[in-house]
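Position 13 of the sequence shown, counted from 1, bears residue number 13 in UniProt numbering, the numbering being contiguous throughout. Just so you know, even glycine gets a beta-carbon here, dropped at the ideal spot from N, CA and C.
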Amino acid sequence: MSSILPRKNEEYGSKEYWDQRYSQESDDASFDWFKSYDDVADIMRSIIPNKDARILMLGCGNSKLSEEMYDDGYKNIVNTDYSGILIEKMRQRHEQARPEMEWHEMDIRDIVFDADSFDVAIDKGTMDAMMTTKGDVWDPPQEVIDNCSREVNEVLRVLRKSGGVFIYITFGQPHFRRRYLTRPGTTLEVREMGEAFHYYMYILRTG
Ligand SMILES: C[S@@+](CC[C@H](N)C(=O)[O-])C[C@H]1O[C@@H](n2cnc3c(N)ncnc32)[C@H](O)[C@@H]1O
């Protein structure tokens with residue numbers, strides 16, 4: 001676990017916090033929020049049977065999820081994070097061993113890729129970071145609603161309109177997350193994981 005913790009929970013929602021954290025961490029540091037690929041590999045393989053699928057990783061951080069998926073055969077992974085410092089470190093770390101993986105400094109509320117250009121999008125803990133703004137979790141501030149809605153709008157724009165899948169892994173219970181993931185023309189499945197502490201996998205499929 002990283003020792004660079006924010007003074008206040010809402011700092012998880014600021015780019016400055018992440019830039020500072022990643023610039024202070026060693027170049028080979030890595031940390032996986034909630035779940036590692038091992039924990040979800042069987043489910044992922046069943047949801048993404050095609051190893052050539054084009055996959056968009058939203059807020060990749062320095063998690064090992066992308067590299068472990070790559071080593072499992074998913075070569076077509078496009079990683080994004082709004083921390084340019086992090087993206088540069090990750091590019092350098094992986095460019096030799098995993099040359100087909102891409103790294104882009106990008107805000108997931110404003111994705112620059114073309115419509116209908118990805119089969120899969122994955123968010124593990126990134127929407128959660130945008131929800132840490134101070135306020136009532138039962139009645140989130142408009143800023144949180146706007147940020148999360150923008151992410152989901154962008155994901156649904158870049159996903160293929162038929163057979164596209166958005167996988168969101170979070171500790172957030174359905175009551176707090178469904179509102180962002182309920183869209184016309186899509187279907188939502190929720191899987192619960194873990195024993196003592198529960199995590200959730202939300203699987204949003206396009207038509
Ligand atoms: C809680 S960490 C999760 C990292 C990684 N997905 C994992 O599972 O370990 C959130 C990450 O999302 C990034 N992030 C937060 N908001 C973002 C946004 N609006 N656009 C792009 N990246 C964002 C942060 O820089 C950070 O790397």
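Under the criterion of beta carbons closer than 8 Å, Tyr-12 and Lys-89 do not qualify as touching, at roughly 19 Å. Under the three-state reduction of DSSP output, Trp-103 falls in the strand class. Unbroken alpha helix (DSSP H) runs of no fewer than 4 residues, entirely contained in the region 114–189, are found at 126–129, 142–158, 174–181, following chain order. Look at Glu-192 here: in three-state DSSP terms it is strand. Here DSSP, grouped into helix, strand and coil, assigns Leu-86 to helix.
Within its own chain, the residues whose Cβ lies closer than 7 Å to the Cβ of Asn-147, once the five positions on either side in sequence are excluded, are Arg-109, Met-130, listed in chain order. Taken atom to atom, the span from the alpha-carbon of Arg-178 to that of Gly-172 is near 10 Å. In this structure, DSSP gives Tyr-17 a helical state, which the three-state scheme calls helix. Note on Asp-128: 16 or more other CB atoms within 10 angstroms of its CB, so buried under the neighbour-count rule. Counting only residues whose CB is nearer than 5 Å to a non-hydrogen atom of ligand 1, the list in chain order is Trp-18, Asp-32, Trp-33, Gly-59, Gly-61, Ser-63, Asp-81, Tyr-82, Ser-83, Asp-107, Ile-108, Lys-124, Gly-125, Thr-126, Ala-129.
As the crow flies, the alpha-carbon of Met-69 is around 25 Å from that of Asp-19. Boundaries of the alpha helix (DSSP H) around Tyr-70: 65–71. The distance from the Cβ of Ile-167 to that of Met-193 is about 12 Å, inconsistent with a contact at the 8 Å cut-off. Taken through DSSP and simplified to helix, strand or coil, Ile-203 comes out as strand. By the 16-neighbour rule on beta-carbons within 10 angstroms, Phe-197 is exposed.
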